[in-house]
Amino acid sequence: MKKIFTTLLPLILIIPIILMAIFVTNKREPTLEVGIFAGSNWNVASEDSYRNIDDAIKEFKKIHPNVNVHYYSGIRRDDYSAWLSEKALKGDLPDVFFILNEDFNKYAELGLLLNLEKLIEKDPNISKDDYFESAYTSGTYLNKQLALPYEVNPNLMAINRTLLENNNIELPSSSWSWNDFIQVCREITQDVNNDNKIDTFGVSDLNWLDVTYTNGVTLFNDIGSTSNFNDPRVIESIQFMQRINSINDNQQLTQLDFDKGKVAFMPISFAKYRTYTAYPYKINKYLDYQWDFTTMPSGPSGDNISEMQSLLMAINVNSKNKALAFDLLKAFTHNFKIQEQIYKFSQGASALKKVANSDNIAEILLENMEENDMKYNNSLLYTIMDKSISPQKFKEYNECMAIAQQEIDDVISNEMDTSIALKKLQRIIQSKLDN
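For the sequence shown, the residue numbers in my numbering are 252 to 686.
Below you can see the structure in the form of structure tokens.
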């Protein structure tokens with residue numbers, strides 16, 4: 252017996268040591284998985300999309316050096332939704348992950364996203380007031396804060412400055428109205444060479460939804476239970492679109508027409524504006540005119556409001572390391588350095604007010620601009636973002652808007668009676684919401 256005990260003693264002594272080592276290792280070195288994709292979220296070129304991701308992880312590891320952070324590289328934006336969906340089906344969502352606009356409502360409705368409100372309330376270093384309001388609320392679903400904005404992309408009104416100047420038309424102010432806009436469109440719409448064909452136009456790619464935003468109306472209430480398609484302000488907005496369409500001689504103008512210098516105005520995302528005015532893209536596209544941007548024109552009942560899209564980041568509701576995941580989320584979405592670097596390594600903008608208002612941002616944005624386009628107005632961009640609106644969030648939103656887009660496009664192009672058509676659309680959409 253003594254011999255057996257002597258033989259087993261080393262083993263008895265070493266087992267607790269091994270178990271303790273395993274415990275300590277697991278405790279000190281948890282691993283967080285991050286879900287990301289390669290390239291830009293805004294359908295523009297992005298040369299170094301992983302740089303800011305890696306730097307955000309480095310910032311996180313300054314606080315948590317013993318936490319491992321892992322992500323899969325090489326997943327394209329177009330494949331990301333399917334990749335994330337497969338992870339969700341397996342119950343294996345990353346701890347922290349990008350969530351696309353088109354997927355947010357689905358994941359929120361399924362209860363897969365952690366409510367961040369208590370974590371934000373308890374943390375003295377972060378507040379919803381740090382973000383532009385529309386950027387912050389883009390991560391809200393049925394009054395729950397389920398995501399934070401990593402990057403935003405506001406809509407601007409691009410201006411062909413050369414075309415206006417050649418026609419002795421002043422550049423519009425940032426407080427211009429529908430009336431100002433339609434007057435310029437009329438003046439610029441011309442048959443220049445007298446061949447009975449219009450050669451220059453006022454606007455291309457103007458969307459009726461952009462117009463409703465500027466007239467002080469949203470199409471649904473906050474929780475998506477009622478719709479407002481027969482609101483007089485919506486009717487007025489669609490009638491305005493019909494007037495614009497008539498001035499354009501009912502021609503369907505596109506970005507290509509703007510590229511050719513034939514069009515004075517075009518709504519464009521900030522990311523595309525940056526791409527268009529940067530070397531070498533502008534040279535490759537042969538854009539031989541000067542650019543500028545301003546706000547969207549305001550309607551009679553509204554303001555100079557633009558839509559702003561957000562690339563959101565969320566936390567898996569089933570993450571085993573929620574506190575660590577929140578710190579990592581903050582490294583991506585609330586760290587000044589990381590948010591400032593968005594302007595270097597992406598074509599979007601920061602959702603943080605203090606970053607967007609930083610003196611460094613204007614310098615960064617001017618670095619690759621063509622000399623003739625170097626009239627970037629950071630205070631104007633800040634104003635646009637501060638007045639912006641985000642797409643509404645509820646389960647049936649995408650389906651309802653697909654129906655509305657088709658119906659309202661028909662109303663505009665076929666010059667239908669707007670009051671009658673929108674009352675009919677209101678019944679269709681409301682019936683879908685009620686069911």
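Built from N, CA and C at the ideal position, the CB exists for glycine as well.
Practice item. Could you tell me how far apart the beta carbons of T465 and M547 are, in whole angstroms, since I believe they sit closer than 8 Å? Key: 5 Å between Cβ atoms; contact.
Point to revise | Delimiting residues of the beta strand (DSSP E) encompassing Y401 | key: 399–411
**Study point:** 6 Å Cβ shell around N758 - same chain, five flanking residues per side excluded
**Key:** This structure gives no information on residue 758, because the portion of the chain shown stretches from 252 to 686.
**Study point:** Element boundaries [alpha helix (DSSP H), containing A529]
**Key:** That residue, A529, is in no alpha helix (DSSP H); it is neither H nor E in DSSP.
Check your understanding: Which stretch, first to last residue, makes up the alpha helix (DSSP H) that contains E280?
Key -> Neither: E280 is in no alpha helix (DSSP H) and is coded neither H nor E.
**Study point:** Status (buried if at least 16 other CB within 10 Å, exposed otherwise) for D346
**Key:** buried
Review point. How would you label V443, buried or exposed, when you count the other beta carbons within 10 angstroms and need 16 or more for buried?
Key: exposed
Practice item. Measure the C-alpha to C-alpha separation of E384 and P642 and round it to an integer number of angstroms. Key: Between E384 and P642, the C-alpha separation is close to 13 Å.
Practice item. Quick one: give me the first and last residue of the beta strand (DSSP E) that N319 is part of. Key: 319–322
Practice item. To the nearest angstrom, report how far apart S478 and Q677 are at their CA atoms. Key: 7 Å
Point to revise | Opposing strand residues paired with Q423 [DSSP bridges] | key: Inspection of the sequence shows that residue 423 is occupied by Pro rather than by Gln. Per DSSP, none; premise fails for P423.
Check your understanding: Cβ atoms of K395 and E360: under 8 Å apart, would you say?
Key -> no
Review point. Which two residues bound the contiguous beta strand (DSSP E) that contains W542?
Key: From DSSP, the beta strand (DSSP E) with W542 extends over 542–545.
Review point. If you draw a straight line from the C-alpha of S426 to the C-alpha of A574, how long is it?
Key: Counting only the Cα atoms, A574 lies some 44 Å from S426.
Check your understanding: So, using beta-carbon positions, are I680 and C651 closer together than 8 Å?
Key -> yes
Check your understanding: Which residues does DSSP pair with F452 in a beta bridge?
Key -> V514
Check your understanding: In terms of alpha-carbon separation, which member of L363, N458, V320 lies closest to S664?
Key -> N458
Exercise for review: Have a look at N447, V462, Y540 and flag the residue whose alpha-carbon is nearest the alpha-carbon of P518.
Suggested key: V462
Review point. Among L580, F516, S630, I593, which has the Cα closest to the Cα of I350?
Key: Closest option to I350, Cα to Cα, is L580.
Review point. From Q590 to S476, what does the alpha carbon distance come to, in whole angstroms?
Key: Those two C-alpha atoms are separated by around 35 Å.
**Study point:** For Q493 and A409, the rounded distance between their alpha carbons
**Key:** 21 Å
Practice item. State the beta-bridge partners of I640 as determined by DSSP. Key: E558
**Study point:** Extent of the continuous alpha helix (DSSP H) run through I308
**Key:** 300–314
Exercise for review: Locate the alpha helix (DSSP H) running through V435, then write down its first and last residues.
Suggested key: 429–439
Check your understanding: I think F544 touches V454, with their Cβ atoms under 8 Å apart; what is that distance to the nearest whole Å?
Key -> So it is not a contact: roughly 14 Å between Cβ atoms.
**Study point:** Unbroken stretches of the alpha helix (DSSP H), 4 residues or longer, contained in the stretch 570–606
**Key:** List check, alpha helix (DSSP H) in window: 573–584, 587–596.
Review point. Nearest-angstrom Cα distance between S549 and D685?
Key: 32 Å
Practice item. Please name the residue, chosen from D661, Y382, I659, A576, that lies closest to N608 on a Cα-to-Cα basis. Key: Y382
Check your understanding: If we cut at 8 Å on Cβ distances, does W542 have a partner in chain C?
Key -> Among the protein chains of the structure shown there is no chain C, as only one such chain exists.
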